[in-house]
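Each residue of the sequence shown is one higher than the one before, starting from 219 at the first, in the numbering used here.
Just so you know, even glycine gets a beta-carbon here, dropped at the ideal spot from N, CA and C.
These numbers come from a predicted model, not from an experiment.
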Amino acid sequence: MKKSAAVLLLFVLLFSVVASGCLGGGGGASTSSSKPSPSSSTSHTTPQTSSTQSPSSTTSTTSSTSSSTTTSSTTSATSTTSSSSTTSSTPSKGIELIVLTRHDTTIQLLAKEAFLKSKIAKEYHITSIKFIKATESQWPRLIKLGHADVGWGGGPTLFDNLYTEGYLAPITDQKALGLLGKNISETLAGMPMVRKGPDGKIYWIAAALSSFGFTENKKALKRWDLPEPHKWEDIATEAWARDPPQYGIADPTMSTSNTRIYQIILQTFGWDKGWRILTLIAANSRIYSASDAVREAVIAGDIAAGNTIDFYGYTAMRLNPNCVYIIPAGESIINGDPIALLKYSRHPQAAQAFIYWVLTDGQLIWLNKDVNRLPVNPSIFNTPEGRKRPDLKTAYYMALHTKGIAFNDTEALKTVNSLQLYFKATLVDTNSELRQAWMALVNAHKSGKIDDATFNKLKNELTDFFQFKDPETGKMVTFTEQYAMKINDRLLKDPDFKDTLMQEWREGARAKYEKVLKEVNG
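This is the structure we're talking about:
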């Protein structure tokens, strides 16, 4: 009996020990293992912690940042220079970087494949990279939700808007900043290659160069008996009036490169004459929803020429020998196409590692024959791959010495939203009415129905500003440069104001075009 009781007692004791091990939180699973990180600090992994080391060669210990599965926490990029006794952690499953971009899938795939094989990706435990190609209007929402770490590509207009609205974080990585003034110039051909805030911090850095012009299809020009254009104003003439139209442009609210082209035209010719030229270019054009659609139409010969950024022109030339890219002499600029750290990045240090890679080894992407872009870091031409692209090297140095305009980026920013929306309302949304009036005017002049004086008078009416009611004051105004500056910021922040004003613009434009058409028809 005593022996049985002793056995029973031993069984109960053993059961208690096992049960405490099973129910006590898995003590073995909570043990952490440390290993050296790229900045020589230790790492500690927990299921809800996600942080990485800065790509800069600092000796400080960075603070860890947490990203819970239920709460999105933001991390300041300045943590790369802070010190703390808390160690940074390395996620056991690796980091997935999310990149908001306007680049096409070719660039995305090339970047993904090359970057994930890179030493930098391994050092910062980046095991996956996801690209989100979103329209310009979608970027603020995605950034605010913390759905992206890096913004890459889309032109300075997009990135300057994001900077103005507070969606960019300063780049603090010393390796990336150390490229400036050495490998990457802060200005090229008079244009900024960085965006420096009043605080002295850098908010974006150019990752590639761009010029702006048009690509023509010589075969299509001959077929339609069109004169070869050399300047923007060549398109804004009755010589290019065709039905169907043989020039292509993109909606500025859908294309940052076309927005830049329109800004260039306004600064080349001045506000009043510039809008007259833009109106006649639109009257001679098919409107596309994206700039790459313009390029494809030129390559296919669907149109004879169209607005293109330089690398679209180079691609067209490679795919169709009939295509030629032209930079209007004295009427273009060199732009830097930015990359930036986004404000609510969940992995700001890993994001800056990717930025550094894009500005160095990642420059090889631009040399790919399916991409054909001008790198911002010319040292890439000294690599074996770079030596195989003497054509791009020549284009790079030609672009730097292209005679351009003294473009004022600060002034362009003051009216960019107004320009995009006024252009859309008066030249895109009402393009059919504009074209109908213009073609009727051109045909009447060619047939002798109206003389030169009448033609010029009605052309002046067609391209002139019209009056509309200001939603705030109720007064009748015109779209002067001063008015465009006044309403520029409000158009972003006040949807009701924007919608009311755009409807005023549509109605005013239609009324103007219908009046000219009526006068032509007698």
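Under the 8 Å Cβ criterion, the stretch 509–517 does not count as touching the stretch 486–495, having fewer than three qualifying pairs. With a cutoff of 8 Å on beta-carbon distance, asparagine 502 and isoleucine 453 are scored as near each other. Comparing alpha carbon positions, the residue from Lys606, Lys611, Lys587 and Val589 closest to asparagine 595 is Lys611. Looking at the DSSP output, isoleucine 552 shares a beta bridge with Ser429. Taking 8 Å as the cut-off, the beta carbon of isoleucine 551 is found no closer than this to the beta carbon of histidine 448. Boundaries for lysine 587: no alpha helix (DSSP H) harbours it, and the DSSP string shows neither H nor E there. Isoleucine 316 and valine 368 have their alpha carbons spaced roughly 7 Å apart. For isoleucine 389, the secondary structure class from DSSP, reduced to helix, strand or coil, is strand.
For alanine 468 against tryptophan 656, the beta-carbon gap comes to about 19 Å, at or over 8 Å, which does not count as contact.
Put simply, of Asn540, Val646 and Leu397 the residue whose alpha carbon is nearest the alpha carbon of tryptophan 575 is Leu397. Shown here, serine 346 sits in a strand according to DSSP, grouped into three states. Residue range 503–506 is occupied by the beta strand (DSSP E) that includes serine 503. The three-state secondary structure of valine 317, taken from DSSP, is strand. Sequence-distant Cβ neighbours of leucine 659 in its own chain, meaning closer than 6 Å and more than five residues away, are Leu676 and Val738. Excluding the 5 residues flanking it on each side, isoleucine 483 has same chain C-beta neighbours closer than 7 Å at Trp450, Gly492, Ile495 and Leu496, in chain order. Approximately 23 Å separates the beta-carbon atoms of alanine 424 and glycine 548; this is outside 8 Å, ruling out the contact. DSSP places asparagine 401 in the coil class of the three-state scheme, outside both helix and strand. Taking a C-beta distance under 8 Å as the contact criterion, leucine 386 and tryptophan 422 qualify as a contact pair.
Around the Cβ of aspartate 528, a 10 Å sphere holds 16 or more other Cβ atoms; the residue is buried.
Ranking Asn674, Leu719 and Ile313 by CA distance to the CA of methionine 694 puts Leu719 first. Apart from the 5 residues on each side of it in sequence, phenylalanine 673 sits with its Cβ closer than 6 Å to the Cβ of His663 in its chain, given in chain order. Counting C-beta pairs with one atom in each stretch, the stretch 604–623 and the stretch 438–445 have fewer than three that are closer than 8 Å, which means they do not touch.
Fully contained in the stretch 674–740 are the following alpha helix (DSSP H) runs of length 4 or more, in chain order: 699–711 and 713–739.
For asparagine 649, the uninterrupted alpha helix (DSSP H) segment begins and ends at 649–665. Beta bridge pairing from DSSP links proline 593 with Ala426. As computed with DSSP, isoleucine 467 is found in a beta bridge with Ile505.
Looking only at Gln700, Ala534 and Thr375, the smallest Cα-Cα distance to valine 412 is reached by Thr375. With contacts defined by Cβ atoms closer than 8 Å, threonine 474 and glutamate 383 do not form a contacting pair. Around asparagine 649, the same chain offers Ile505 as residues with beta carbons nearer than 6 Å, after the five sequence neighbours per side are excluded. Beta-bridge partners assigned by DSSP to isoleucine 517: none are found. Here the alpha carbons of phenylalanine 641 and glycine 373 stand approximately 19 Å from one another.
Scanning its chain for C-beta atoms nearer than 6 Å, with the 5 sequence neighbours on each side dropped, one finds around aspartate 647 the residues Arg724, in chain order.
At a Cβ-Cβ threshold of 8 Å, alanine 500 and glycine 466 do not count as neighbours. Alanine 617 and leucine 592 do touch by the CB rule: their CB atoms are close to 6 Å apart, below 8 Å. Excluding residues up to 5 positions away in sequence, Met411 lie with their Cβ nearer than 7 Å to the Cβ of serine 403 in the same chain. In the structure shown, asparagine 626 falls within a coil segment according to DSSP collapsed to helix, strand and coil.
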